[in-house]
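K.L.:
Protein chains in written order, with my numbering: chain A, 413 to 736; chain B, 26 to 330.
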């Protein structure tokens, strides 16, 4: 690359041209996909197993079975020496690495196939259960966490009262409370919501209090010289002042709560999309597992992008930053 | 230098000017500061920021406070605004002691402190609503003030859409809408470019002339201080003390062509003497760098002169 084109692509702290930007963004998704495709479709890349098409004279080989390549070659040699029919097969990847097209098909079929048993749920029903668990966990955490955070960020009294303990509690891993949650709250939805709550709440208070503290103190002083006192300072200056940053914090916290989903759903009775994943793993339908995991990722990312879009419109007084 | 101007003493006053000051000092006293001290705790021990500050400000007077950096100007005005408490001494507004900030002492800060989430209109309404007026009354009053500072067209703009001068005009309107007894201004035009500053100075004079407001204005710009002020309070640094309270001999009303008048220059000379004395004796103020000649003697441009 000439130095000029190097500068176009790698100028420090300068944005790429819009086309270049778009290209690289697309590559961000395309490259892993390409790698996956290469490993799946190019027979001499990896493919440590063999998919048996014809068992030949080997007694324990069956059609459609996956065996290690060394075993296959060993058995082939044995049969060759005996002069019997040789087994046939295609190189294949292990069952836990389905090919992209298999996942795509699974994606489609997952939403359209009826569950195996009548009491089991459709994928979108499982998904809806998961979303509800996250929603309630997050809402509950926010209802308590945000006010506490704002109080702690505004009044040193509340800061010293809440924060030291919360700083400590934050290091206790939420999943560790699983058994306790079930013992207290039963085996259905409640302990799952509790885990999401525990995973979110403590970080939330600390993050919100930090954001509240960042408010320009000059604004508070100006308000005081205009006659604002006590409660007015809190409700008319602090809260409106931190709203854009609070919104951004909540978006990030929702992302964290989202990652607790799988863990939370393993507590008590399996439910939601985690149930779907563990079930499919048990049936060894890893293409469905991949599809489900990707669905979770897609929903998470889409939600975040939607919230980011609204964030820019909700706060017209913010100077336009390029990308949230 | 070709001509050394023969300047009068800054203490010489025309009859008109002297009369005016006599009348000024007979006006009621709005602000009285008695024996104000302020000490700060620092890691190096106690630092005295202000020592024994005494002065009086009369009704509708324009007082500038000036001094070298570190003389405590900002500390003084913050104490007057109630944002800091003095270590000792008294502050009397209309004869009564005041503690804590309030709308009776309006303040305009150097960094623009308009509320970014409120429009110009709502910003100016803020103080009025704090003192209990209804939305309708507050809005009416606010719009009047916005009109008086010439920003009617921008009533529904947000602060980030305004220029520096406009933001300060809104800040002034916002403070004045509460009808304070005294308007405290902490280097309000410091962040503006020279042209905008000149405009803002004349706007401020217009406001001061027409409404019942006493102004205490901090600046480090000597020209600004002399141009705007009736009297100038000159502070000394380390610790901050009153050096002199100068009565500006330049006749009122002021105009830009007075900048070169003998009275103006005499006052400026006096301020320079007070603020930048000839022989400091400090290690800090050195007059020369360690530069040596680095241009070869046979260079095309051998000397800049």
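No residue lacks a Cβ here, since even glycine has one placed at the ideal position from N, Cα and C. Predicted model only: the values in this text are computed from it and were never measured.
Verify the CB distance criterion: does residue 124 of chain B have a CB-CB separation below 8 Å to chain A?
P.N.:
Not one chain A Cβ lies under 8 Å of residue 124 of chain B.
K.L.:
Kindly indicate which three-state DSSP category residue 334 of chain B falls into: helix, strand or coil?
P.N.:
With chain B running from 26 to 330 in the structure shown, residue 334 of chain B is simply not present.
K.L.:
If we call anything under 8 Å between Cβ atoms a contact, is residue 512 of chain A one with residue 448 of chain A?
P.N.:
Going by C-beta atoms, residue 512 of chain A is nearer than 8 Å to residue 448 of chain A.
K.L.:
Any beta carbon from chain A within less than 8 Å of residue 136 of chain B's own beta carbon?
P.N.:
At least one chain A Cβ lies under 8 Å of residue 136 of chain B.
K.L.:
Measuring CA to CA, which of B:150, B:204, B:149, B:210 is closest to residue 100 of chain B?
P.N.:
When only C-alpha atoms are compared, the closest one is B:210.
K.L.:
State yes or no: is the beta carbon of residue 217 of chain B nearer than 8 Å to at least one beta carbon in chain A?
P.N.:
Answer no: the Cβ-Cβ gap between residue 217 of chain B and chain A never drops below 8 Å.
K.L.:
Please list, in chain order, the residues of the stretch 614 to 647 of chain A that have any C-beta partner in chain B closer than 9 Å.
P.N.:
So the list reads 628, 630, 631, 633, 634, 635, 636, 637, 638, 639, 640, 641, 644, given in the order they occur along the chain.
K.L.:
Using a Cβ distance threshold of 8 Å, determine whether the stretch 554 to 566 of chain A contacts the stretch 699 to 716 of chain A, with at least three qualifying pairs required.
P.N.:
The answer is no - the stretch 699 to 716 of chain A does not touch the stretch 554 to 566 of chain A, with fewer than three Cβ pairs under 8 Å.
K.L.:
Hey, is residue 733 of chain A's beta-carbon within less than 8 Å of any beta-carbon in chain B?
P.N.:
Note that residue 733 of chain A scores 44 on pLDDT, short of 50, meaning its location in the model is unreliable and no value can be drawn from it.
K.L.:
Determine, using beta carbons only, whether residue 729 of chain A comes closer than 8 Å to chain B.
P.N.:
True, the Cβ-Cβ gap to chain B drops below 8 Å.
K.L.:
Could you tell me whether the stretch 667 to 685 of chain A touches the stretch 542 to 553 of chain A, where touching means 3 or more Cβ pairs closer than 8 Å?
P.N.:
Because the criterion of three Cβ pairs below 8 Å is met, the stretch 667 to 685 of chain A and the stretch 542 to 553 of chain A touch.
K.L.:
Could you confirm whether any beta carbon from chain B is found closer than 8 Å to the beta carbon of residue 680 of chain A?
P.N.:
Taking Cβ atoms only, chain B never reaches closer than 8 Å to residue 680 of chain A, which makes this a no.
K.L.:
Quick one: list the residues of chain B neighbouring residue 653 of chain A, beta-carbon separation under 9 Å, in chain order.
P.N.:
Going along chain B in sequence order, the residues near residue 653 of chain A (Cβ under 9 Å) are 140, 141, 142.
K.L.:
Does any CB atom of chain A fall closer than 8 Å to the CB of residue 301 of chain B?
P.N.:
For residue 301 of chain B, the answer is no, since every Cβ of chain A falls outside 8 Å of its Cβ.
K.L.:
What are the residues of the stretch 140 to 174 of chain B that lie near chain A, defined by any Cβ-Cβ distance shorter than 7 Å?
P.N.:
Of all residues in the stretch 140 to 174 of chain B, 140, 141, 142, 151, 152, 155, 156 have a Cβ within less than 7 Å of some Cβ in chain A.
K.L.:
DSSP three-state label for residue 554 of chain A, please.
P.N.:
In the structure shown, residue 554 of chain A sits in a helix (DSSP, three-state: H, G or I).
K.L.:
Measure the CB-CB distance between residue 273 of chain B and residue 255 of chain B and report whether it falls below 8 Å.
P.N.:
Their beta carbons are under 8 Å apart, which means residue 273 of chain B touches residue 255 of chain B by this criterion.
K.L.:
On the DSSP letters alone, give me the boundaries of the beta strand (DSSP E) that residue 502 of chain A sits inside.
P.N.:
Looking at the DSSP string, the run of the beta strand (DSSP E) that includes residue 502 of chain A is 500 to 504.
K.L.:
Which term fits residue 452 of chain A, buried or exposed, when burial requires 16 or more other beta carbons within 10 angstroms of its beta carbon?
P.N.:
Burial call: buried.
K.L.:
DSSP three-state label for residue 100 of chain B, please.
P.N.:
In this structure, residue 100 of chain B counts as helix in the three-state DSSP scheme.
K.L.:
Decide if the stretch 206 to 226 of chain B is in contact with the stretch 652 to 661 of chain A; the criterion is three or more beta carbon pairs, one per stretch, under 8 Å apart.
P.N.:
With the cut-off at 8 Å, the stretch 206 to 226 of chain B and the stretch 652 to 661 of chain A do not touch.
K.L.:
Keeping to the same chain, check which residues put their C-beta closer than 6 Å to that of residue 72 of chain B; ignore five residues upstream and five downstream.
P.N.:
Around residue 72 of chain B: 65.
K.L.:
Relative to the alpha-carbon of residue 162 of chain B, which residue among B:296, B:235, B:146, B:259 has its alpha-carbon at the smallest distance?
P.N.:
Comparing Cα-Cα distances from residue 162 of chain B to each of B:296, B:235, B:146, B:259, the minimum goes to B:146.
K.L.:
I need the straight-line Cα distance from residue 37 of chain B to residue 90 of chain B, nearest angstrom please.
P.N.:
Residue 37 of chain B and residue 90 of chain B: Cα-Cα distance of roughly 21 Å.
K.L.:
Residue 416 of chain A: buried (16+ other C-beta within 10 angstroms of its C-beta) or exposed?
P.N.:
Classification for residue 416 of chain A: exposed.
K.L.:
Tell me the start and end of each unbroken alpha helix (DSSP H) in the stretch 569 to 606 of chain A that is at least 4 residues and wholly inside, in chain order.
P.N.:
Correct list: 590 to 597.
K.L.:
Are the beta-carbon atoms of residue 98 of chain B and residue 260 of chain B separated by less than 8 Å?
P.N.:
Closer than 8 Å, so yes.
K.L.:
Report the three-state DSSP secondary structure of residue 533 of chain A (helix, strand or coil).
P.N.:
It is coil, neither helix nor strand.
K.L.:
So with Cβ pairs under 8 Å, would you call residue 736 of chain A a contact of chain B?
P.N.:
At residue 736 of chain A the pLDDT is 35, less than 50, meaning the model places this residue with poor confidence; the figure from the coordinates comes in the next sentence. Not an interface residue.
K.L.:
Listed from N- to C-terminal order along the chain, which residues in the stretch 271 to 302 of chain B have their beta-carbon within a distance smaller than 9 Å of any beta-carbon of chain A?
P.N.:
Those would be none; no residue qualifies.
K.L.:
Locate the beta strand (DSSP E) running through residue 60 of chain B, then write down its first and last residues.
P.N.:
Segment 54 to 67, the beta strand (DSSP E) holding residue 60 of chain B.
K.L.:
If you measure between the beta carbons of residue 225 of chain B and residue 214 of chain B, is that distance less than 8 Å?
P.N.:
The answer is yes: Cβ separation under 8 Å.
K.L.:
Taking only runs of the alpha helix (DSSP H) that begin and end inside the stretch 193 to 240 of chain B, which ones reach a length of at least 4 residues, in chain order?
P.N.:
Whole alpha helix (DSSP H) segments, 4+ residues: 219 to 235.
K.L.:
Once you ignore the five residues that flank residue 734 of chain A on each side, which residues in its own chain have a CB closer than 7 Å to its CB?
P.N.:
The pLDDT assigned to residue 734 of chain A is 36, lower than 50, so where the model puts this residue is not dependable, and the model offers no usable value.
K.L.:
Give the range of the alpha helix (DSSP H) segment to which residue 481 of chain A is assigned.
P.N.:
Counting along the chain, the alpha helix (DSSP H) containing residue 481 of chain A begins and ends at 481 to 494.
K.L.:
Quick check: what's the CA-CA separation for residue 109 of chain B versus residue 553 of chain A?
P.N.:
When rounded, the distance between both Cα atoms is 38 Å.
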